[in-house]
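These notes concern the structure reproduced below.
Residue numbers (the working numbering): 2 to 150.
See the structure below:
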């Protein structure tokens, strides 16, 4: 099967390759056998860089023969900014979610929470979310302290 794509679409492919690699490896350098099909397809896509006039964004390791996106790509691709925005939003949402859940359980106890209706649980836990949203929205991390450090 052949797929015809434009240079602009190939650039989007490169963004998707970068995004895929970032999701798979941002927090782990280890490569697993399950990731092998992704790596193989990545290599196929990157190998076409010259044909799309994008050789300045993809380099080839002479020893291993593997292609990789270089600094030129990460400097000019908008996907990096999208990832930064995603990471920032995820950080705040996860921080709020975990602190709110912790405080909700601490205040009511797991047993009492299990006895609550879903709507009651939601309402009570959301009040903690709202407090943290307000606090972090106004002060960022300035008021966050860890005791016993």
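C-beta atoms are modelled at their ideal positions from N, C-alpha and C, and glycine is treated no differently.
Residue i - partner residues in DSSP beta bridges
i	result
residue 103	For residue 103, which the question treats as bridged, DSSP gives no partner whatsoever.
residue 68	61
Alpha-carbon spacing of residue i relative to residue j, whole angstroms
i	j	result
residue 118	residue 41	49 Å
residue 74	residue 58	5 Å
residue 19	residue 114	42 Å
residue 179	residue 121	The structure shown does not extend to residue 179, since the chain spans only 2 to 150, so no value can be given for it.
residue 140	residue 134	10 Å
residue 30	residue 116	43 Å
residue 93	residue 2	44 Å
residue 62	residue 77	21 Å
residue 146	residue 112	29 Å
Contact test: residue i Cβ vs the ligand ZN heavy atom, cutoff 8 Å
i	result
residue 107	Although the ligand ZN was asked about, the structure shown includes no ligands whatsoever.
Beta-carbon separation (whole angstroms), residue i vs residue j, contact threshold 8 Å
i	j	result
residue 68	residue 47	4 Å
residue 137	residue 97	7 Å
residue 16	residue 43	Incorrect: roughly 12 Å between the Cβ atoms, too far for contact.
residue 36	residue 25	6 Å
As assigned by DSSP and simplified to three states, the class of residue i
i	result
residue 135	helix
residue 75	helix
residue 49	coil
> Is the region 118-128 touching the region 93-108, taking contact as three or more C-beta pairs under 8 Å?
Replying inline: The region 118-128, when compared against the region 93-108, does touch it at the 8 Å Cβ threshold.
>> For the pair the region 53-73 and the region 81-95, tell me if three or more CB-CB distances fall below 8 Å.
In response: Contact fails between the region 53-73 and the region 81-95, because fewer than three Cβ pairs, one in each stretch, are under 8 Å apart.
> Is the region 44-53 in contact with the region 4-15, if contact means three or more CB pairs nearer than 8 Å?
Replying inline: Cβ pair count under 8 Å is three or more, so yes.
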